[in-house]
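If you read the sequence shown in the numbering used here, its first letter stands for residue 59, the second for the next number, and so on.
The C-beta atom is built at its ideal place from N, Cα and C for all residues, glycine as well.
Reviewing the structure listed below.
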Amino acid sequence: MNIIITGASRGIGFQTALLFSKEHNVIAISRNKDNLDKLNQESNNSIVTITFDLENGDYDYLKSEISKHFDKIDILVNNAGLLINKPFALLSKNDMNSIFNVNFFGVALLIQNLLPKMNTNSHIVNIGSMGGFQGSSKFSGLSIYSASKAALANLSECLAEELKEQKISVNCLSIGAVQTEMLESAFPGYQAPLKAEEMASYIVDFSKNGHKFFNGKILPVSLSTP
């Protein structure tokens, strides 16, 4: 299988890429080249890494780089995310734009560019957040981040319907508390019940098998929030 994962330079994305690479072909994307180099070393150079900024990058360039390695794509995991923890009254327009550019528009543009390469019965997995899951607990300082993840969830539902005839499934996993650098930035000192490696194992299995049971679904994956 040919798999692409964004936000692969740390945390859940890093561990997910490593797990996938044990059995499948993987392209890992992140703007952090140094961490991508570490990922490649840990995978014994079995992962193709592409340094790319989802917020400001040239998507024609990215598509060209991907085409050098994959003719078709079986799984796309949109894991990249930006969190700015700041009271709503203090958020600048640039803060808001950056969050939505990475968490929503970057995902939309990547999917749009890669659609011609998606295989029949392929699976797009968008990594959301319990912060964007309707009816879940919400937290101060995460208003725009949570709103961007709510938008991603709705996009997932809409694309699942739109891509049915092409036999491309789209689902969104709303992740709860996992011990990562991003969680630490949002909730300093909090100890999550799950490690990144544990959540990565779930994401790998869901990416490979979840579309046999779900399409257009927003699925909470959470023991606690946070």
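Quick check on DSSP: helix, strand or coil for residue i?
| i | result |
| --- | --- |
| glutamine 224 | helix |
| proline 174 | helix |
| leucine 134 | strand |
| glycine 268 | helix |
| leucine 277 | strand |
| lysine 253 | strand |
| threonine 109 | strand |
| isoleucine 142 | coil |
| glutamine 192 | coil |
| serine 282 | coil |
| leucine 231 | strand |
| serine 88 | strand |
Please go through the same chain and pick out, in chain order, the residues whose beta-carbon is closer than 6 Å to the beta-carbon of residue i, but skip the five residues on each side of it.
| i | result |
| --- | --- |
| tyrosine 203 | Leu141, Ile157 |
Counting only the same chain and skipping the five closest in sequence on each side, list residues whose C-beta sits under 7 Å from that of residue i.
| i | result |
| --- | --- |
| arginine 89 | Thr109, Phe110, Asp111 |
| serine 282 | Gly234, Ala235, Pro251 |
| isoleucine 131 | Asn60, Ile62, Leu172, Lys175, Met176, Asn177, Ser180 |
| lysine 285 | With the chain running from 59 to 284 in the structure shown, residue 285 is simply not present. |
| serine 265 | Ile133, Val135, His181, Val183 |
| asparagine 143 | Gly199, Leu200, Ser243, Ala244 |
| aspartate 91 | At residue 91 the sequence reads lysine, which differs from the aspartate that was named. If we look at lysine 91 and ignore the five residues flanking it on each side, its Cβ neighbours are Thr109. |
Applying the 10 Å Cβ sphere with the 16-neighbour rule, what's the burial state of residue i?
| i | result |
| --- | --- |
| asparagine 184 | buried |
| alanine 208 | buried |
| histidine 181 | buried |
| asparagine 93 | buried |
| leucine 271 | Note that residue 271 is phenylalanine in the sequence shown, not leucine. Phenylalanine 271 should be labelled exposed. |
| serine 150 | exposed |
| glutamine 192 | exposed |
| leucine 148 | exposed |
Would you please state the rounded distance, in angstroms, between the beta carbons of residue i and residue j? I believe it to be under 8 Å.
| i | j | result |
| --- | --- | --- |
| alanine 300 | threonine 107 | Any answer about residue 300 is impossible in this case: the structure gives the chain only from 59 up to 284. |
| asparagine 273 | alanine 218 | 5 Å |
Using a Cβ-Cβ cut-off of 8 Å (strictly less than) and excluding sequence neighbours within five positions of residue i, which residues of its own chain qualify?
| i | result |
| --- | --- |
| proline 145 | Ser198, Gly199 |
Could you tell me whether the segment 270-283 touches the segment 223-238, using the rule of 3 or more Cβ pairs below 8 Å?
-> Between the segment 270-283 and the segment 223-238, the count of Cβ pairs shorter than 8 Å is three or higher; the stretches touch.
Any chance the segment 92-99 sits against the segment 164-175, with 3 or more Cβ pairs inside 8 Å?
-> No, the segment 92-99 does not touch the segment 164-175.
Kindly confirm or deny that the segment 64-76 and the segment 245-259 touch, where touching means at least three C-beta pairs closer than 8 Å.
-> yes
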